[in-house]
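If you read the sequence shown in the working numbering, its first letter stands for residue 10, the second for the next number, and so on. Note that the Cβ used here is the ideal one computed from N, Cα and C, for glycine as well. Take a look at the structure set out below.
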Amino acid sequence: MSEPKWLLPRTSRVYLQGPFARRLCLLFPDFKVCSLELNYSRHVDLPGYALTLLDGAPGEESQLCYDKSVFDEVRGGEPVYTLRNKLKSGACVSMTAFADAAENPAMYSEYRLYNPENYEISGSLTLFCRTADLDHYITNLRDTGYDPYIPNVKTQYMLPSLWKPVSCDTASDGYASCRVEPGKLKITWVDSAAQPKHFAASDCWRLDYTLAPGESAGFTAVSRYGCLDGLCGYDAAYSNNIEFWRDIMAKVKIKPASDAPRIQAMYRQLIVQSLQMLAKYDDMEGVIPRQGDVGRYCWSWEAPHYLLPLDRVGLSEYTTDAFRTLAARWQNRDESSPDYGRMMSPNVHWDNSTGKTLEGAARHLLYTSDKALFDEFRPHLLLGFEWCEKKRRESEGKEGMTPGLFPEGRGSDWGEIGQHWTFTDAVNVSGYKWLYECFERFGDPEYLRIKAA
Numbered sequence: 010m011s012e013p014k015w016l017l018p019r020t021s022r023v024y025l026q027g028p029f030a031r032r033l034c035l036l037f038p039d040f041k042v043c044s045l046e047l048n049y050s051r052h053v054d055l056p057g058y059a060l061t062l063l064d065g066a067p068g069e070e071s072q073l074c075y076d077k078s079v080f081d082e083v084r085g086g087e088p089v090y091t092l093r094n095k096l097k098s099g100a101c102v103s104m105t106a107f108a109d110a111a112e113n114p115a116m117y118s119e120y121r122l123y124n125p126e127n128y129e130i131s132g133s134l135t136l137f138c139r140t141a142d143l144d145h146y147i148t149n150l151r152d153t154g155y156d157p158y159i160p161n162v163k164t165q166y167m168l169p170s171l172w173k174p175v176s177c178d179t180a181s182d183g184y185a186s187c188r189v190e191p192g193k194l195k196i197t198w199v200d201s202a203a204q205p206k207h208f209a210a211s212d213c214w215r216l217d218y219t220l221a222p223g224e225s226a227g228f229t230a231v232s233r234y235g236c237l238d239g240l241c242g243y244d245a246a247y248s249n250n251i252e253f254w255r256d257i258m259a260k261v262k263i264k265p266a267s268d269a270p271r272i273q274a275m276y277r278q279l280i281v282q283s284l285q286m287l288a289k290y291d292d293m294e295g296v297i298p299r300q301g302d303v304g305r306y307c308w309s310w311e312a313p314h315y316l317l318p319l320d321r322v323g324l325s326e327y328t329t330d331a332f333r334t335l336a337a338r339w340q341n342r343d344e345s346s347p348d349y350g351r352m353m354s355p356n357v358h359w360d361n362s363t364g365k366t367l368e369g370a371a372r373h374l375l376y377t378s379d380k381a382l383f384d385e386f387r388p389h390l391l392l393g394f395e396w397c398e399k400k401r402r403e404s405e406g407k408e409g410m411t412p413g414l415f416p417e418g419r420g421s422d423w424g425e426i427g428q429h430w431t432f433t434d435a436v437n438v439s440g441y442k443w444l445y446e447c448f449e450r451f452g453d454p455e456y457l458r459i460k461a462a
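This is how it looks when you write it as structure tokens:
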């Protein structure tokens, strides 16, 4: 038996979309971008499409070795990423990708080829689009993507071949569209009649290149759910993207004490990624504070852990509606329900969800110092507090339960039913503390009752 081999850590995917996007846009190390639907019907496996660059002509193509791809160091502040690899011909290839800031984002890619040799190099590339009803066929991610990423483009070959040319440089399948600006490369659409092999690329673009020693060439692609009407070219979109994110970074009021460039870049990147988790869903109102994977469900306990840091650095204008979702839209308002006043996401019913939401919303109001916003949130916060008080009273007189603590319930995704004194009660106590401070700050007399609880 061979000895286990530890692999170096590597980036499996990065997010491209802006805040409040209605789609999840990702770049993968195998020179692939995906655009996935966002709604609450399922946690994973919703529809989406992928655009993948392959090495070689259609029918002879191979996947770029993802474990040999290298990301350029991220400067932070803008989600614009560059990948580098090498082709079978010996040419170096890079891909720079980003998405615009629209609710229905367009994904832009620039591909650059360079001949590092002292002789001429020729070859072909395949640019391949596919749409899937179940996104794991195009992402190659298991469940939400926590497992190691091992892509296999052949799963895309199993999908129906619905992409057809609209013109020499544009194709669509009625779900999404893609346009290529080939630059100096020769571009040809190859359909299944011209490339009849099963389990190989067809109904896709072939791009042929010839590079003299030291010569470079490039092409760009833009894709979007729906049509491409009204989109600008790559260069203008790139400039607009940089300006959009720099305008956000200019609002950041708290920055690291260190001037070290890498620390500054890491800090900016954390802000970017937190903002990218703020999404809009097709089947829900308002902003949904997503999790940091490809799952669509939301955990009320987790969301404040990145919403509050955004508040702290001065970006509360981006988080208010997410807290409105957690505290108001997802609050049980059925007076006949035993859960009347409870705050929880539709899929996760932890007993600390209300306490954590009370803390998050209260701290958000303290950061904003907005009295009108406090007046809006006040009835929801009091209802959540009353639900917690009612649950605490359920432990009174019950054998084996400590009065004043929550009764037996669920404290995590693992599903064990019990009294979770730390993960439930300690979180709820923290919620009470911040709720009391919030009501006191705004001069509301209810702070005395909250403090006494």
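For the alpha helix (DSSP H) holding residue i, just list the boundary residues, first then last.
i, result
"R402", "380 to 402"
"R215", "Premise fails: R215 lies in the beta strand (DSSP E), 213 to 220, not in any alpha helix (DSSP H)."
"Y243", "243 to 258"
"T377", "362 to 377"
"K442", "436 to 450"
"V281", "270 to 285"
"L237", "Run containing L237: none; DSSP gives neither H nor E here."
"Q340", "Per DSSP, Q340 belongs to no alpha helix (DSSP H) and is neither H nor E."
"K460", "456 to 461"
"F332", "329 to 333"
"Y315", "313 to 321"
"Y166", "163 to 166"
Rounded to whole angstroms, how far is the Cβ of residue i from the Cβ of residue j, which I believe are closer than 8 Å?
i, j, result
"I263", "R321", "6 Å"
"E126", "G227", "That pair is no contact at about 18 Å."
"S133", "L216", "7 Å"
"F415", "R401", "6 Å"
"E398", "A461", "Going by Cβ atoms, the distance from E398 to A461 rounds to 11 Å, so no, they are not a contact pair."
"A185", "S78", "Not quite, the Cβ-Cβ distance comes to about 24 Å (not below 8 Å), so this is no contact."
"V231", "R277", "In fact, because the Cβ distance is near 26 Å, the residues do not count as touching under 8 Å."
"L16", "D39", "With 8 Å as the limit, L16 and D39 do not qualify as a contact, their Cβ atoms being about 16 Å apart."
"A100", "L122", "5 Å"
"T91", "D81", "4 Å"
"A6", "V296", "The requested residue 6 is not part of the displayed model; the chain covers only 10 to 462."
"D302", "T153", "4 Å"
"V199", "P88", "Not a contact, Cβ separation roughly 32 Å."
"S50", "D343", "Contact doesn't hold; Cβ gap of about 22 Å is too wide."
In terms of residue numbering, what span does the beta strand (DSSP E) encompassing residue i cover?
i, result
"D64", "57 to 64"
"F107", "101 to 108"
"P298", "296 to 298"
"N94", "90 to 95"
"K193", "It is not in any beta strand (DSSP E) - K193 carries neither H nor E in the DSSP assignment."
"T33", "The amino acid at residue 33 is misidentified as Thr; the sequence shows Leu. Note, L33: beta strand (DSSP E), 32 to 37."
"K14", "Note, K14: premise wrong, no beta strand (DSSP E); not H, not E."
"A230", "225 to 234"
"A180", "179 to 181"
"K41", "41 to 46"
I need the straight-line Cα distance from residue i to residue j, nearest angstrom please.
i, j, result
"C213", "M167", "15 Å"
"G65", "T135", "6 Å"
"E129", "L335", "60 Å"
"G258", "K206", "At residue 258 the sequence reads Met, which differs from the Gly that was named. About 50 Å."
"P313", "K95", "42 Å"
"G86", "S345", "48 Å"
"S181", "Y24", "24 Å"
"T219", "S98", "10 Å"
"G427", "H358", "14 Å"
"E12", "Q204", "42 Å"
"W308", "D422", "10 Å"
"P454", "V438", "20 Å"
"A500", "T431", "A question about residue 500 goes unanswered here, because the residues of the chain that appear run from 10 up to 462."
"A202", "S211", "9 Å"
Quick one: residues in its chain with C-beta nearer than 7 Å to the C-beta of residue i, no 5 flanking neighbours on either side, listed in chain order?
i, result
"Y327", "P28, L284, L287, L319"
"E449", "Y456"
"T164", "Y146, N149"
"D434", "L414, F415"
"R32", "Q26, S44, L45, E46, L47, N113, P114, Y234"
"D54", "L143, D144, H145"
"E294", "R338"
"P174", "A180, W198"
Going along the chain, which residues of its own chain have a beta-carbon closer than 6 Å to the beta-carbon of residue i, five neighbours each way excluded?
i, result
"N356", "Y306"
"K41", "A59, T61"
"Y376", "D320, S325"
"A110", "G27, F253"
"G518", "Past the boundaries of the shown model lies residue 518; the chain is included only from 10 to 462, so the question cannot be answered."
"G440", "G364, L367, E368"
"D142", "P56"
"F474", "Any property of residue 474 remains undetermined from this structure, which presents the chain solely from 10 to 462."
Starting from the C-beta of residue i, find all residues in its chain whose C-beta is less than 8 Å away, skip the five residues before and the five after it, and write them out in chain order.
i, result
"G192", "A226, G227, F228, T229"
"D348", "N341, W396"
"I459", "F394, Y441, L444, Y445, F448"
Q: Could you tell me which uninterrupted beta strand (DSSP E) segments, each at least 3 residues in length, are contained entirely in the segment 113 to 151, listed from first to last along the chain?
A: Listed in chain order, they are 115 to 123, 130 to 141.
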